[in-house]
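The numbers in the numbering used here rise by one with no breaks, and the one at position 14 of the sequence shown is -4. Heads up, the beta-carbon is just placed ideally off N, CA and C, and yes, glycines get one too. Before any comments, here is the structure.
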Amino acid sequence: MNTYKNQSFLSLTLRFGIVFLVVVSAIKIIFSIVANGSISGMTEELFSSSNWEQFVRMQLLMSVLYGSLMAGYYKFIKK
């Protein structure tokens, strides 16, 4: 029996979205550190005064989209 069928769509969306947010944010930060060669380069690229809002907005949008797609798949499509 699929245990996801018994949970609400919102709780599934939050579960998938939060995990995606943490994992993808960590990967993006690590890649930025490697590409720029230092933590200060990463902070300048991702968290400067003009870029941090775009970074946060993009991460949240991707997480909500991924969470809702995965929740819909596991709740309504997967048997």
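| Item | Value |
| --- | --- |
| Alpha-carbon spacing of Lys(-13) relative to Met40, whole angstroms | 29 Å |
| Exposure of Gly49, with buried meaning 16 or more beta-carbon neighbours within 10 Å | buried |
| Proximity to Phe2 [Cα-Cα], best of Lys61, Leu51 and Ser14 | Leu51 |
| Assumed close pair Lys57, Phe(-9) - CB separation to whole angstroms, cut-off 8 Å | 6 Å |
| Val46 versus Thr(-15), Arg(-3), Asn(-16) and Val16, residue with shortest Cα-Cα distance | Arg(-3) |
| Rounded straight-line distance, which links the Cα of Met24 to that of Met44 | 20 Å |
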